[in-house]
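First residue of the sequence shown? That's 10 in this note's numbering, and the numbers climb one at a time after it.
Even for Gly, the Cβ is constructed at its ideal location relative to N, Cα and C.
Values in this document were obtained by computation on a predicted structure and should not be read as measured data.
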Amino acid sequence: MGMMDFLFYLFSLIVVLACAGVISARNQVYSVLLLILAFFNAAGLLILIGAEFMAMMFVIVYVGAVAVLFLFVVMMLETSETSNEASLKQYVPAALAVLGLVGLEVVLYFFAGPNDFQTIQLPTHPEKLSNVQSIATVLYSDYFYIFQLVGLVLLLAMVAAITLTQQHCKEVRRQNVTAQVACRAEDRVRLVKVKPKSERKS
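Below is the structure:
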């Protein structure tokens, strides 16, 4: 076993264990931290196949933006550990169905798919562009609108996270500057003529 094979199996094992920890951890903060660990090791796998740009995107986008955003949201929401095991049992059938589907795909791959990984050849670009140039060419030409749509989805996720973490305290007195500026004297002050007690008795 060479060094590349050892690193591949090492990164793959850490990714699998980290993903298992994400769905099994009771504390949401630990789940997000394990998700960050999985992203880092997935970036290592991309470096092994020569996709340095995609590895950097994994670290910058997934770890630096998405995972850290999840971490801040979980910490701000002050969620407690999951202690109700009865509520988790309702997801067991769905988990078993997904596990069975994945197992079926693995069996079909080994019986019907190619078993010799050496026969798989990566496509070569005639102009011998770098992976950054190749991805940019395809991304901003064929998938330009999809790229803009993904950016809009990330923007909506950011706005939703800010809305969820925004807390309103009823005990805090806030000023409505617009209402204060728009007020008029006749709306605020009202003159009332009160009759004396003697006149009211008579």
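Whole-Å CB distance - residue i paired with residue j, under 8 Å assumed
i	j	result
Val-41	Ala-76	6 Å
Phe-67	Phe-79	Between Phe-79 and Phe-67 the Cβ distance is about 15 Å, and since that is not below 8 Å, they are no contact.
Phe-62	Val-159	That pair is no contact at about 17 Å.
Sub-7 Å separation of residue i and residue j beta-carbons
i	j	result
Ala-64	Ala-52	yes
Leu-54	Ala-27	no
Val-25	Leu-44	no
Ala-170	Val-82	yes
Ile-69	Asn-50	no
Leu-57	Phe-120	no
Phe-156	Leu-148	yes
Simplified DSSP assignment, three categories, for residue i
i	result
Val-203	coil
Leu-105	helix
Ala-76	helix
Ser-139	coil
Val-24	helix
Asp-196	helix
Asp-151	coil
Glu-180	coil
Asn-185	coil
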